[in-house]
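Structure first, commentary second.
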Amino acid sequence: MASVLAEAILALAIAEAAPGASPYSLEVMPECGRSKKNPTCEPRRVCAEPKMYCRAPRWSPSRRAWVRIESRESAIRRFAGIAVAIADTAERLAACRAQSAEKKACVPLDWPGSSRSLGLATLAVALHESGLRRDVQLGELPHGRGPAREACLVQVSPRQAPLYASWVPKADRRAIADSSKRREKLAKSLLGTSPVALGRCFETGMRMLARARGACTSSASWSYGMYSMYGSGHTCDLPGAGTVRNKTFQKLMAAKPELDAATRKIVGWSRK
Numbered sequence: 498m499a500s501v502l503a504e505a506i507l508a509l510a511i512a513e514a515a516p517g518a519s520p521y522s523l524e525v526m527p528e529c530g531r532s533k534k535n536p537t538c539e540p541r542r543v544c545a546e547p548k549m550y551c552r553a554p555r556w557s558p559s560r561r562a563w564v565r566i567e568s569r570e571s572a573i574r575r576f577a578g579i580a581v582a583i584a585d586t587a588e589r590l591a592a593c594r595a596q597s598a599e600k601k602a603c604v605p606l607d608w609p610g611s612s613r614s615l616g617l618a619t620l621a622v623a624l625h626e627s628g629l630r631r632d633v634q635l636g637e638l639p640h641g642r643g644p645a646r647e648a649c650l651v652q653v654s655p656r657q658a659p660l661y662a663s664w665v666p667k668a669d670r671r672a673i674a675d676s677s678k679r680r681e682k683l684a685k686s687l688l689g690t691s692p693v694a695l696g697r698c699f700e701t702g703m704r705m706l707a708r709a710r711g712a713c714t715s716s717a718s719w720s721y722g723m724y725s726m727y728g729s730g731h732t733c734d735l736p737g738a739g740t741v742r743n744k745t746f747q748k749l750m751a752a753k754p755e756l757d758a759a760t761r762k763i764v765g766w767s768r769k
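Residue numbers (the numbering used here): 498 to 769.
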């Protein structure tokens, strides 16, 4: 069973990100082989429904394989891993904050709110930065990394990521940020579907959000200021990105999400 927060995040992710509807979220079809000219499958529609994910497979030069648009069920299962990682990371950081100074074996996060607000604030970033796309999660060519090589679902800068990487010794963080090879290696560690990679991606994003929130405490709306700072790196008043991301965050916070039986069956989560 997943936590209550993970279930809420998954329900919201499905509602907001439309699994199976992204032309950038592609799955390799091993049954079609690796030959562009001589596929070992029939390149025709993979299902009869009038859905994007039913389109016929096509050859992907960047993957050197036949691919199809990620099915809705595959996307939902992937979203479930994302939801668990966001919830687990938010709850772990909240627990770290609650520990006494003598018992702390973690790096506290200065977030004056609940693990739910932290998790949903992070989901809002991921929805806008990546749309929860598979290629961004994995860093796949040609569009899985940002123009400045930003990485993972919250699109963190390789120059910034080492400074927030609590799993890296503090004395090494600046040296990694100053080395192109070392920061790229760290950025790649944020990519993929594993719980470790996802946890690192979202922890980095959460620490950046907490810092942005702390820098904008004088803003009329802390969440608008936070998203403005997160998006710009220098201002608490960024009308475009700040406004849109804050609107999404407020929508997520006000929602009362619930997973339906069909989704529970796809991801294998029983009802509590």
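Yeah, the Cβ is synthetic: ideal placement off N, Cα and C, and Gly gets one too.
Under a 10 Å Cβ-count criterion, residue 535 is classified as exposed, with fewer than 16 other Cβ atoms of the shown protein chains found around its own Cβ.
Taken in chain order, the whole alpha helix (DSSP H) runs of length 4 or more contained in the stretch 592-679 are 612-626, 631-635, 667-674. Pairing residue 604 with residue 686 gives a Cβ-Cβ distance that is not under 7 Å.
Counting along the chain, the unbroken alpha helix (DSSP H) around residue 513 starts and ends at 501-514. Following the DSSP letters along the chain, one finds residue 751 inside the alpha helix (DSSP H) bounded by residues 736-751. A Cβ-Cβ separation of about 7 Å places residue 522 in contact with residue 566 under the 8 Å criterion.
In this structure the stretch 570-584 touches the stretch 513-522; the number of beta carbon pairs closer than 8 Å is three or more. Residue 638 counts as exposed, since fewer than 16 other beta carbons sit within 10 angstroms of its beta carbon. Judged by DSSP secondary structure, residue 525 falls within the beta strand (DSSP E) whose first and last residues are 523-525. Taking the CA atoms as reference points, residue 594 sits about 15 Å from residue 584. The shortest CA-to-CA distance from residue 559 to any of 618, 640, 513 is the one to 640. Pairing residue 754 with residue 505 gives a Cβ-Cβ distance under 7 Å. Residues 575, 578, 634, 635 of the same chain have their beta carbon placed closer than 8 Å to that of residue 690, with the five preceding and five following residues left out of the count.
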